[in-house]
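Per numbering that gives the first Met the number 0, the sequence shown starts with residue 0, numbered consecutively. Only one structure is covered here, and it is reproduced in the block below.
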Amino acid sequence: MQEQIYKRLSIELNITESKISQTAALLDEGNTVPFIARYRKEMTGGLSDEEVRLLHDKLGQYRNLEHKREEVLRLIEAQDALTPELQKQVEKAATVTELDDLYRPFRPKKRTRASVARERGLEDLALAILEGQADPVEETGQYIDTEKDLPDSTAVLQGASDIIAEMISDDAAVRKSLRQLYHRHGSVEVVKKKKAEVNTYDDYDGYSEPLARIKPHRVLAINRAVREKVLDFKVILPEEKALAVITAKYIKNEQNEPCRDLIGAAAADSFKRLIHPSLEKEVWLNLLDKAMAGALVVFKENLKKRLLVPPARNRRVLGWDPGFRTGCKLACVSETGELLDTSAVFPTAPRNDVKGAAAKVLQLLQKHDIDCIAIGNGTASRESEVFVADLIKSNNLSVEYTIVNEAGASVYSASTAAQKEFPDLDVAERSAVSIARRLQDPLAELVKIDPKAIGVGQYQHDMAARELDSTLKGTVEGCVNSVGVDLNSASAALLAYVAGINSTVAGRVIDYRNANSSIRSREQLLEVGGLGPKVFKQCAGFLRISDSGNYLERSAVHPESYALAGQIMEELNLVPENLGQPEFVPALADDEVKALAERLGAGEPTVKDILEEFRKPGRDPREDLPKPVFLQSVTELDDLSPGMVLMGIVRNIVDFGAFVDIGVHHDGLVHISEISDRYIKHPLEVLQIESVVQVKILSIDRGRNRIGLSIKQAKEKTKDGGLN
């Protein structure tokens with residue numbers, strides 16, 4: 000069974016069977032995905048974290064399929080109905096749907112019209128009609144029986160037709176052919192339930208589109224509206240096309256005309272009453288599953304981009320949580336995120352205490368040597384930005400400011416962890432601290448909240464909660480382990496995402512660190528309760544001790560390879576003082592690395608990774624990504640007009656476009672057709688979260704706070720006359 004699974008996975012994922020089997024063995028041993036991807040490259044052939052994670056998911060799916068296959072064979076065999084031909088069909092079935100179709104005739108059913116007809120002894124007549132050699136009317140005489148509720152030939156023929164209709168409905172080959180027909184020729188029709196009410200889904204009233212062309216985001220929107228009881232939908236398939244498929248199998252030339260007529264009528268009944276309701280639901284659910292899978296990919300990619308926004312290191316930051324009635328809450332934090340001070344100012348309506356606010360902010364900036372202000376993008380953000388920009392300009396300050404996405408900040412600030420860290424602060428003050436820290440190190444701060452609260456996807460409430468949580472957790476885990484974690488500064492929330500460590504163990508690591516002032520070596524982790532050799536193997540390489548005198552402890556070299564690292568140093572005549580200085584570490588060609596690995600009896604990938612760590616320890620992958628952007632422009636919705644070209648920041652990406660922050664209260668939408676001059680299947684091909692783009696305003700709907708934008712037309716406008 001395993002060999003067949005590996006063969007299928009090899010074809011589907013385009014990975015050799017040997018890599019599949021060895022990676023599967025590592026997973027079965029309980030190794031984590033990050034550990035396998037980073038420290039077992041010799042066995043995986045260098046598969047990435049995402050490839051190993053995909054293999055893990057697919058492996059589970061195929062193993063479940065095999066268990067289902069065994070169960071179907073067992074259940075059919077228990078009914079003494081397993082023929083050699085049927086067994087071969089079950090063994091060749093490639094999906095759960097195919098297995099369900101094959102098992103369908105043998106599945107225990109509720110009392111149906113066909114089962115009642117069988118109880119009345121009409122199955123032989125139904126089979127005779129299918130053979131087509133008997134005269135149906137003449138044959139009915141022997142079945143008429145008032146005690147069996149068969150008073151006349153009409154009732155008898157109806158019962159026989161019911162049996163034929165169910166046989167057709169249970170035919171796996173017919174269902175497979177019709178399923179394909181739905182995807183080629185089916186369509187969806189949508190109607191609004193209450194015509195008079197105005198709501199978000201008005202555009203879908205009377206909407207119709209072929210299933211083959213419907214976009215995933217429309218499927219998700221319709222599904223949500225149906226759940227909210229705003230819309231109704233139905234899947235349509237031309238009946239003549241469906242009946243052509245059925246009659247091609249069940250109506251033969253050798254059958255007499257009366258039998259063919261009866262079979263044709265039974266086929267029509269089967270399609271309308273049994274097959275269509277079943278396949279309509281199945282086809283729609285299949286579209287929904289694909290749409291959700293696509294939305295999950297977008298959600299995952301957006302989350303990854305937001306988590307990996309480069310940190311603004313070595314900055315003292317004033318976090319600004321904007322507000323109107325309750326004022327703007329401020330929090331000053333040190334370069335390491337330590338809280339220095341908090342305050343509140345009221346520069347906006349209803350108080351409009353601009354003078355008092357200016358004096359207070361200037362005092363905080365000077366007292367704590369603040370060099371950057373991080374303003375949350377929530378309510379009163381733009382008004383706060385106007386105030387801060389004017390303050391910097393009028394006082395000729397060297398301070399910079401930027402807008403920080405504060406999605407989920409309120410979730411964190413009300414959490415038990417935030418209350419424990421800052422018991423004397425109110426919710427808004429904690430939120431201000433979080434906003435400041437998000438600029439300093441987005442990843443370290445965002446891991447403190449549920450990934451779903453970060454606000455980087457659509458229709459998340461429509462997805463299967465377990466699958467969504469698993470996928471997003473895996474994404475966060477991948478990001479955390481790709482960056483690495485400093486043992487002596489990481490929060491429990493951050494440590495809990497390190498490979499092999501759960502929240503309980505993370506808490507114990509923090510307790511141990513506090514009790515010992517700091518952790519001076521990775522080996523000390525083995526003294527932490529619940530962190531034994533197995534967990535240590537998984538997590539050690541992703542944990543750093545940045546202030547350690549031992550270079551390897553600051554690097555991503557796993558402790559299991561410390562001895563090998565020492566041998567490499569001897570081979571290359573390196574001393575500890577040379578490590579971390581690329582000019583002293585020779586850049587070996589591939590054949591030289593291979594020769595070195597052979598001399599040392601080590602794997603080439605491990606030797607390459609160690610050499611890279613010798614050049615630059617614990618290299619942060621975020622260094623290659625766009626840096627935080629400090630904006631200067633300030634606009635209000637009323638100041639905008641079609642044709643203007645502005646700078647903006649991509650805040651969210653969905654199937655049908657991207658939402659861009661252009662400096663007003665509501666993000667504008669760039670439809671996918673307005674993103675690029677060339678055809679793209681998805682916005683992620685050319686855009687990413689937090690990237691800076693030029694946009695042209697196409698339309699403004701002030702009533703619904705909607706702004707239509709274009710990236711591709713902004714380029715044309717810039718060529719003609721520059722920015723507004």
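We put the CB at the ideal spot given by N, CA and C, even for glycine.
Quick check on T43: buried or exposed, where buried means 16 or more other Cβ atoms within 10 Å of its Cβ? It is buried - the Cβ of T43 has at least 16 other Cβ atoms within 10 Å.
Which runs of the alpha helix (DSSP H), 4 residues or longer, sit entirely within the region 511–591? 532–538, 561–570
Take the Cβ of I10 as the centre, count every other Cβ of all protein chains shown within 10 Å, and call the residue buried at 16 or more, exposed below. exposed
Mapping the DSSP letters down to three states, classify N651 as helix, strand or coil. strand
In angstroms, rounded to a whole number, what distance separates the CA positions of L85 and D79? 12 Å
Quick check on this structure: which residue in G263, A443, V344 has the alpha carbon closest to the alpha carbon of D495? Inspection of the sequence shows that residue 495 is occupied by Ala rather than by Asp. The shortest C-alpha separation from A495 is found at A443.
Shortest alpha-carbon distance to G671 belongs to which of G642, V218, A657? Per the sequence shown, residue 671 should be read as Ile rather than Gly. Taking only the C-alpha atoms, the option nearest I671 is A657.
What is the DSSP secondary structure of M0, counted as helix, strand or coil? coil
Once you ignore the five residues that flank G454 on each side, which residues in its own chain have a CB closer than 6 Å to its CB? A406
Under the rule that 16 or more other beta-carbon atoms within 10 Å means buried, what is M291, buried or exposed? buried
Sorted by chain position, which residues of the same chain lie with C-beta nearer than 8 Å to N351's C-beta, five sequence neighbours on each side aside? F345
Among E428, R618, F655, which one has its Cα closest to the Cα of P215? F655
Residue from Y550, A357, A220 whose Cα sits closest to the Cα of L198: Per the sequence shown, the amino acid found at residue 198 is Asn instead of Leu. If we check each option's Cα against that of N198, A220 comes out closest.
Quick check: the Cα distance between P104 and A23, rounded to an integer number of angstroms? 36 Å
Do R39 and L25 count as a contact pair if the criterion is CB distance below 9 Å? yes
What residue does the alpha helix (DSSP H) around L236 start on, and which one ends it? Run containing L236: none; DSSP gives neither H nor E here.
DSSP three-state assignment for R703, whether helix, strand or coil: coil
Distance CB(V51)-CB(V32) smaller than 9 Å: Cβ distance < 9 Å, so V51 and V32 count as in contact.
According to DSSP, H320 sits in a beta bridge with which residue or residues? In the sequence as displayed, the identity of residue 320 is Asp instead of His. Answer is K328.
Mapping the DSSP letters down to three states, classify L339 as helix, strand or coil. strand
Please state whether the Cβ-Cβ distance between I162 and I274 is less than 9 Å. Not a contact, by the Cβ cut-off of 9 Å.
Please confirm whether E401 and A379 have their CB atoms less than 9 Å apart. Just to set this straight, residue 401 is Thr in the shown sequence, not Glu. Their beta carbons are not under 9 Å apart, which means T401 does not touch A379 by this criterion.
On a CA-only basis, which of E689, S709, K714 is nearest K303? Give me that one, please. K303 has its Cα closest to that of E689, out of E689, S709, K714.
Could you spell out where the beta strand (DSSP E) holding H670 opens and where it closes? 667–670
Give the secondary structure of Y678 by DSSP, where H, G and I count as helix, E and B as strand, and everything else as coil. coil
Which first and last residues belong to the alpha helix (DSSP H) in which S114 is found? 112–118
I think A431 touches L329, with their Cβ atoms under 8 Å apart; what is that distance to the nearest whole Å? 6 Å
Which one or two residues does DSSP pair with Y400 in a beta bridge? I372
Please determine, among D423, R650, L530, N577, the residue with the shortest C-alpha to C-alpha distance to E731. One cannot answer for residue 731 here, as it falls past the ends of the chain, which runs 0 to 723.
For R491 versus A416, is the C-beta distance shorter than 9 Å? What sits at residue 491 in the sequence shown is Ala, not Arg. In contact: A491 and A416 (Cβ atoms closer than 9 Å).
Over what stretch of residues does the alpha helix (DSSP H) that includes S380 continue unbroken? Membership of S380 in the alpha helix (DSSP H) is indicated by the continuous run 380–393.
If you follow the alpha helix (DSSP H) that E725 is part of, which residue opens it and which one closes it? Nothing can be reported for residue 725, as the shown portion of the chain is limited to 0 through 723.
Would you identify the three-state DSSP class for I696, choosing helix, strand or coil? I696 falls in the strand class under three-state DSSP.
If you count every other CB in all the chains shown that lies within 10 Å of the CB of Y102, and 16 or more means buried, which is it? buried
What separation, rounded to the nearest whole angstrom, lies between the Cα atoms of P209 and R174? 20 Å
Quick one: is N440 buried, meaning 16 or more other Cβ sit within 10 Å of its Cβ, or exposed? It should be pointed out that residue 440 corresponds to Asp in this sequence rather than to Asn. Buried, by the Cβ-count rule.
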